[in-house]
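Per the working numbering, residue -4 is the first one in the sequence shown, and the count goes up by one each step. Beta carbons are placed, not taken as given, at the ideal position from N, Cα and C, and that holds for glycine. Everything below concerns the one structure shown next.
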Amino acid sequence: MRLSEIIDRLSLDVLTPASDVDSEVTGAYCGDLLSHVLAKAAAGDLWITIQHHANIVAVAQVTGLQAVLIVDGRSPNEETLTRAKDGGIILLGTSESAFIMAGRLHTLLAD
């Protein structure tokens, strides 16, 4: 499913300029331990996390993630937003929990 469709259907906030929202999301990964995300997330995934610091950008770049969805209403600081923008990483946000977003995304991707 295209990232733009996921953004629309889940009413996600786009926190960084989204230049490649027509890219395909092939799966998802939900987790907050960065080393675990590095080991388990796959290229093309949408990462669901409460983490909102600058290191999430590096993890997204190394793993080839399509975007990072920051949940629970957490807001990344300016350094994180700048790194994401400069690195071409799309950061998304929502006030919903990781549990709710994982369930909704699973339903969308399963259709």
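Straight-line spacing of the CA atoms in Gly98 and Asp106 works out to 13 Å. Spatial neighbours of Ile65 in its own chain (CB-CB distance under 6 Å, excluding positions within 5 residues in sequence) are listed in chain order as His47, Gly88. In the three-state reduction of the DSSP assignment, Leu10 falls in the coil class, being assigned neither a helical nor a strand state. When secondary structure is reduced to three states using DSSP, Val57 falls in the helix class.
Within the DSSP bridge table, the entry for Ala23 names Leu41 as partners.
Around the beta-carbon of Pro12, fewer than 16 other beta-carbon atoms lie within 10 Å, marking it exposed.
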